[in-house]
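Numbering (our numbering), first residue to last: 1 to 378.
Working notes, beginning with the structure itself.
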Amino acid sequence: MSDHRFNPLLLLRAVLRPIDPVLMLVLMMLLGYAFVLMASASPDRLDSQLVNTTVALLAMWVAAWLPSQRLLSFALPLYALGVVLLVAVELFGEVSKGAQRWLHVGVTRIQPSELMKIAMPLMLAWYFQQREAKIGLREFIVAGLLLVVPVGLILIQPDLGTSLLVTAAGFYVIFFAGLSWKLIVPVGLVGIIGIGSIVAFGDTLCQPDVDWFGLREYQKQRVCTLLDPTRDPLGKGFHIIQSTIAIGSGGVVGKGWMDGTQTHLAFLPERHTDFIFAVLAEEFGLVGTLVLLVTYLALLARSFQIATQAPTLATKLLGGAMAMIFFTYAFVNMGMVSGILPVVGVPLPFISYGGTALVTLCLGVGILMGIRRGRPAS
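Now the structure itself:
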């Protein structure tokens, strides 16, 4: 007779089957770091962050189980749904703090722009796979239009931070698909000239009566504040000034866990969300910062390894884009907290408090695990 007794070991193996050990180890290190910092920055939010983390890990596990081609089959419906919801936000969305980003659906409200962080690279990876035999200028133009539509809808909400992340997610797929440097270099040169002009003529351009085409007044002020935070040290420049003080005061080994003065005397704003990197630098110093950077590098290295070994063009593009999304989150957050980039509301990946960004990022990890599972056995 067969033995039908419950075997917990077999159940555990089944649960862990889609999990990539290296990615999971790195993710656990980052989440551990997050709880240590949260216990200092905002201990009353630990319970809710635990719930957020549980939901995010569950989402990661589900994504890891999905075969890559099955996941790609959702690309077009998810993209279309995201665009429809973004249009609905513009027509019927709720306004909060001067921005119209939320859509009320029954018992809760959602932020459709977050969906596009995953739907955009999925859509473009699927699109290039359909045209794998001949990828030329026409395909890149169509891909650019697919990217511009949702980004434009997000910009008018306005939400500069999310539009930046969605743009990056889409651009990485287009770049990895073979976008010519002849098209990239001119755009880069225009950007360099524009940034150089702002730096050179900042005093004139930042005058109250000067309008910046395409940017709202508060977005203009963010750039002007970056150029000179002391213009308004108790107002618009307060965030950057206090965060740079916190980072600099940490020194090599930091002031010690829960001993950060900028953090615990409430000088540091948004210390549990966008500016949690400043908490890390103040309490753990250069050593703690380097540990975090090495952990992020390990995440990127494993992600790119999975992407380069992926079996199809679409999974290579998708895996590479996911790796670069992790990089973009980290680079932009550390840059804005350190005062070298404007403040655009991008969280530190896997560390900052919040559920939406954490779920999105863990979905990205799950997608990479799913890509690895679809790799032919060597």
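Virtual Cβ for every residue (Gly too), placed ideally from N, Cα, C.
Query: Inter-stretch contact at 8 Å, needing at least 3 Cβ pairs: the segment 51 to 58 / the segment 351 to 358; Result: yes
Query: Proximity below 7 Å, CB of E283 to CB of W257; Result: yes
Query: For F128, the nearest candidate out of G191, V105, F350 and G170 (CA to CA); Result: G170
Query: Counted within 10 angstroms of its Cβ, other Cβ atoms place V26 as buried (16 or more) or exposed; Result: buried
Query: Identity of the residue in I118, G93 and F35 nearest M324 by Cα; Result: I118
Query: Spatial neighbours of V390 in its chain, beta-carbon cut-off 6 Å, leaving aside the 5 residues before and after; Result: Because the chain here runs from 1 to 378, residue 390 falls outside it and cannot be looked at.
Query: Meets three-Cβ-pair contact criterion under 8 Å: the segment 332 to 349 and the segment 139 to 147; Result: no
Query: Distance between F267 and F238 (C-alpha atoms, nearest Å); Result: 9 Å
Query: Among A88, G345, G339 and E132, nearest to L153 - alpha-carbon criterion; Result: A88
Query: For S42, the nearest candidate out of P269, L205 and F350 (CA to CA); Result: P269
Query: Environment of A379 [buried if 16+ CB atoms lie within 10 Å]; Result: Summary: the structure shown does not reach residue 379, with the chain confined to residues 1 through 378, and so no result is reported for it.
Query: Within 7 Å, strictly: CB atoms of V344 and G161; Result: yes
Query: Collapsed DSSP secondary structure at M1 in the structure displayed; Result: At M1 the pLDDT is 44, less than 50, meaning the model places this residue with poor confidence; the figure from the coordinates comes in the next sentence. Looking at M1 - three-state DSSP - the assignment turns out to be coil, as it is neither helix nor strand.
Query: L221 versus K236 - alpha carbon distance; Result: The question names Leu, but residue 221 in the sequence shown is Gln. Taking the straight line from one Cα to the other gives about 8 Å.
Query: Coarse secondary structure for V36, derived from DSSP in three states; Result: helix
Query: Cβ-Cβ separation, I351 to L72 (assumed contact under 8 Å), whole Å; Result: So it is not a contact: roughly 30 Å between Cβ atoms.
Query: Extent of the continuous alpha helix (DSSP H) to which V87 belongs; Result: A75 to F92
Query: Beta bridge counterpart(s) of I110 as assigned by DSSP; Result: L103
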